[in-house]
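Q: Before we start, here is the structure in question, set down as structure tokens.
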Amino acid sequence: AQSVTQLDSHVSVSEGTPVLLRCNYSSSYSPSLFWYVQHPNKGLQLLLKYTSAATLVKGINGFEAEFKKSETSFHLTKPSAHMSDAAEYFCVVEGGGNKLTFGTGTQLKVEL
Amino acid sequence: GAGVSQSPSNKVTEKGKDVELRCDPISGHTALYWYRQSLGQGLEFLIYFQGNSAPDKSGLPSDRFSAERTGGSVSTLTIQRTQQEDSAVYLCASRSDGGYSYNEQFFGPGTRLTVL
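Just so you know, the sequences run in chain order L and U. Here the first sequence stands for residues 20 to 131, where the numbers follow this note's numbering. Here the second sequence stands for residues -8 to 107, where the numbers follow this note's numbering.
Okay, structure coming up:
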């Protein structure tokens, strides 16, 4: 069975500083991994996805993530946080039938 | 519209009543999923439809939950004899079988269900 662990439930950064949201995965085979973002009272939006092509994946809004098999990690980063990045972020692994298993989420707070 | 739509956006019901939640997937998407997002359980898979195949019901929490997909398009999630622990946001997603976005699930805005 596949699973993901988001290591931080809350992350707080200052505007203009880097963002790091950590995710570790567990899978018996090479997984497809995703990061989704959920703004308050909005639907889930795909930020980026890894599907066994390039290990460094670039997504929307300046986010990127690196798949590291040796560390079973898929951390999400952004060089410079913006106020509009404040939201909840979910690391997700795809299983059989393309069913998604979500992490518990990381709430990102961006302060002035 | 171009995206996944769900109705109603909010539903308040009394314990013991039945409710129906509707999902309209993106036109042409063959796969449709239901998920539930609740405070205690996070985001969890409920049921999955793929074309004309039998649905994968492995995530349904009890036999009070059922879903159908008519004509390979619209889906209805039914909860019978609702309980307070059913209170959650119910999310629908659809997925295409081809193209660059073949394994991307597009989510609707959700239906917030409150059971009093």
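Note that the Cβ used here is the ideal one computed from N, Cα and C, for glycine as well. These numbers were taken from a predicted model, which means no experiment stands behind them.
Check the DSSP bridge columns for phenylalanine 86/L and list the partner residues they point to.
A: Per DSSP, Phe93/L.
Q: Along the chain, where does the beta strand (DSSP E) that runs through glycine 33/U open and close?
A: That run of the beta strand (DSSP E) goes 33 to 41.
Q: Are the C-beta atoms of serine 51/L and some chain U residue less than 8 Å apart?
A: Serine 51/L counts as touching chain U.
Q: Going straight from the alpha carbon of lysine 68/L to that of glycine 99/U, what length do you get?
A: Approximately 19 Å, taken between the alpha carbons.
Q: Output the boundary residues of the beta strand (DSSP E) element that contains histidine 20/U.
A: Counting along the chain, histidine 20/U falls outside any beta strand (DSSP E), and DSSP gives it neither H nor E.
Q: Does any residue of chain A have a CB that is nearer than 8 Å to the CB of lysine 118/L?
A: No chain A is present in this structure, whose protein chains are L and U.
Q: From this set, Arg55/U, Ala84/U and Val106/U, which residue's C-alpha is nearest isoleucine 70/U's C-alpha?
A: That would be Arg55/U, whose Cα lies nearest to the Cα of isoleucine 70/U.
Q: Cβ closer than 8 Å: which chain U residues qualify as neighbours of phenylalanine 93/L?
A: In chain order: nothing, as chain U lies at least about 15 Å away.
Q: Bridge partners of alanine 84/U, per DSSP?
A: Alanine 84/U is bridged to Tyr24/U and Phe98/U.
Q: For glutamate 113/L, which of helix, strand or coil comes out of DSSP?
A: If DSSP states are grouped into helix, strand and coil, glutamate 113/L belongs with the strands.
Q: For the stretch 20 to 31 of chain U, which residues have a beta carbon sitting closer than 8 Å to at least one beta carbon of chain L?
A: Under the 8 Å Cβ criterion, the stretch 20 to 31 of chain U contributes Ala22, Tyr24 and Tyr26.
Q: Does the structure place the stretch 46 to 53 of chain U close enough to the stretch 5 to 15 of chain U that three or more beta carbon pairs sit under 8 Å?
A: Counting Cβ pairs under 8 Å, fewer than three are found: no touch.
Q: Taking Cβ to Cβ, would you say leucine 23/U is nearer than 8 Å to serine 85/U?
A: Closer than 8 Å, so yes.
Q: Where aspartate 27/L and serine 45/L are concerned, what is the direct C-alpha to C-alpha distance, given to the nearest angstrom?
A: So the alpha carbons of these two residues sit roughly 17 Å apart.
Q: Reducing DSSP to helix, strand and coil, say where alanine 27/L ends up.
A: The residue asked about is misnamed: residue 27/L is aspartate in this sequence, not alanine. Note: aspartate 27/L maps to coil in three-state DSSP.
Q: Give me the Cβ distance between valine 23/L and glycine 122/L, rounded to the nearest whole Å; I'm assuming they're in contact under 8 Å.
A: Confirmed, Cβ separation roughly 4 Å.
Q: Taking DSSP as the reference, what is the three-state secondary structure of glutamine 16/L?
A: Nothing about residue 16/L can be reported from this structure: the residues present for chain L run from 20 to 131 only.
Q: Per the DSSP calculation, valine 76/L is bridged to which residue(s)?
A: Its beta-bridge partners are Ala84/L.
Q: Taking asparagine 80/L as the reference, give the member of Arg41/L, Ser47/L, Asp104/L and Leu127/L with the closest Cα.
A: It is Asp104/L.
Q: As a quick exercise: from His101/L, Leu95/L and Thr91/L, pick the residue whose alpha carbon is nearest that of proline 50/L.
A: Residue Thr91/L is the option with its Cα nearest to proline 50/L.
Q: Tell me which residue opens and which closes the beta strand (DSSP E) that serine 57/U is part of.
A: Residues 56 to 60.
Q: Can you have a look at proline 16/U and say buried or exposed, based on whether 16 or more other CB atoms are within 10 angstroms of its CB?
A: Classification of proline 16/U: buried, given that the 10 Å Cβ count is 16 or more.
Q: Helix, strand or coil for serine 29/U? Go by DSSP, reduced to three states.
A: Of the three classes helix, strand and coil, the one that applies to serine 29/U here is strand, per DSSP.
Q: First and last residue of the beta strand (DSSP E) that includes serine -2/U?
A: -4 to -2 is the span of the beta strand (DSSP E), which, as asked, contains serine -2/U.
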